[in-house]
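Protein chains: 2
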Amino acid sequence: MIGRLNHVAIAVPDLAAAAAKYRDLLGADVHHPHDHPEHGVTVVFVQLENTKIELLTPLGENSPVAKFLENNPSGGIHHICYEVSDIASSIRTLVDAGARVLGDGKPRIGAHGLPVVFLHPKDFDGTLIELEEVKPELQPA
Amino acid sequence: MIGRLNHVAIAVPDLAAAAAKYRDLLGADVHHPHDHPEHGVTVVFVQLENTKIELLTPLGENSPVAKFLENNPSGGIHHICYEVSDIASSIRTLVDAGARVLGDGKPRIGAHGLPVVFLHPKDFDGTLIELEEVKPELQPA
Chain A
1 MIGRLNHVAI AVPDLAAAAA KYRDLLGADV HHPHDHPEHG VTVVFVQLEN
51 TKIELLTPLG ENSPVAKFLE NNPSGGIHHI CYEVSDIASS IRTLVDAGAR
101 VLGDGKPRIG AHGLPVVFLH PKDFDGTLIE LEEVKPELQP A
Chain B
142 MIGRLNHVAI AVPDLAAAAA KYRDLLGADV HHPHDHPEHG VTVVFVQLEN
192 TKIELLTPLG ENSPVAKFLE NNPSGGIHHI CYEVSDIASS IRTLVDAGAR
242 VLGDGKPRIG AHGLPVVFLH PKDFDGTLIE LEEVKPELQP A
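Protein sequence lines, in the order shown, are assigned to chains A and B.
Be aware that the first sequence starts at 1, since it is given in our numbering, and climbs by one per residue.
Be aware that the second sequence starts at 142, since it is given in our numbering, and climbs by one per residue.
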């Protein structure tokens, strides 16, 4: 079911400072910030050789990241995202096995313009898992 | 400085159950458990297409993972590991910039038989970062 690790998302209190640290101190390839008002986050991608880090900070009211930062004021790893080739089939398999898909259980369009769902952390050892449907022909070689 | 994401480490209370979930439900390539008494952990590798997940559970007394699981009984993401090509040079750069290397500040041999250090999570947005020295010729293509 799961393919590549698409990204690790890290919630940060100060996006500019976090981005500068990854660029200037860790020497990584850091993209410009991107607002995603529909998801309540501003995101900076850090492109590594084999995957991405997403630095997230809250945007607007009711950001899903705001509560996490209240509980973890220094920031922390928020979720990991695995790629799947057929998200509808993945959801069926998971729900049949008793795993819980968050929200209404249906995929929505994520920050990359592709269908995503989040799985309940209690079903996966305290890890918030995002599944993103990535068609094989869209995957980098 | 940083190259590939070598792995994401997830601390789990029940290693067999976590490994079975990754193998049978998420359909991943899951290796056999490996005891590392010198690091106080038993580890199961989950090999993804582009990186690895390490499922960790405490082994013996004074495991570095035991306290994490006390605070997070369901488990959770424990650390992420970035590869570097010259760990001594990376440590110098980080320390010169004011970042803190845990322990005595010197690399020790990690679970993969390669030199590693851990960086203070407070210096990196609440994220425990491991750096592992991987010579380019040892990296998978």
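Backbone N, C-alpha and C fix where the C-beta goes; we use that ideal spot for every residue, glycine too.
Within 9 Å (strictly less), CB to CB, does residue i reach chain A?
i       : result
F259(B) : no
V149(B) : yes
Taking the C-alpha atoms as reference points, what is the distance between residue i and residue j?
i       : j       : result
K33(A)  : L210(B) : What sits at residue 33(A) in the sequence shown is Pro, not Lys. So the alpha carbons of these two residues sit roughly 34 Å apart.
A28(A)  : K52(A)  : 10 Å
V149(B) : I129(A) : 13 Å
I91(A)  : F118(A) : 10 Å
H180(B) : E61(A)  : 43 Å
L146(B) : N191(B) : 9 Å
E274(B) : D104(A) : 44 Å
S89(A)  : D266(B) : 36 Å
V184(B) : A152(B) : 9 Å
I143(B) : Y223(B) : 6 Å
P37(A)  : L200(B) : 44 Å
P262(B) : L196(B) : 20 Å
A66(A)  : L25(A)  : 26 Å
For residue i and chain B, any beta-carbon pair shorter than 9 Å?
i       : result
V12(A)  : yes
I2(A)   : yes
A20(A)  : no
L114(A) : no
Go ahead and pull the three-state DSSP assignment for residue i.
i       : result
K276(B) : coil
N71(A)  : helix
R145(B) : coil
A11(A)  : strand
L167(B) : coil
* **Where the segment 52–80 of chain A meets chain B: residues whose CB sits under 7 Å from a CB there** => N72, S74, G75, G76, I77, I80
* Determine which residues of the segment 92–108 of chain A have a Cβ less than 9 Å from any Cβ of chain B, and write them out in chain order. => T93, L94, A97, A99
* Of all the residues that make up the segment 164–180 of chain B, which are near chain A by a beta-carbon distance shorter than 7 Å? -> L166, L167, G168, A169
* Asked: Listed from N- to C-terminal order along the chain, which residues in the segment 121–134 of chain A have their beta-carbon within a distance smaller than 9 Å of any beta-carbon of chain B?
  -> P121, K122, D123, F124, D125, G126, T127, L128, I129
* Continuous beta strand (DSSP E) assignments of at least 3 residues falling wholly in the segment 46–106 of chain A -> If only complete runs of 3 or more residues are kept, the segment 46–106 of chain A shows the beta strand (DSSP E) at 52–58, 76–84, in order along the chain.
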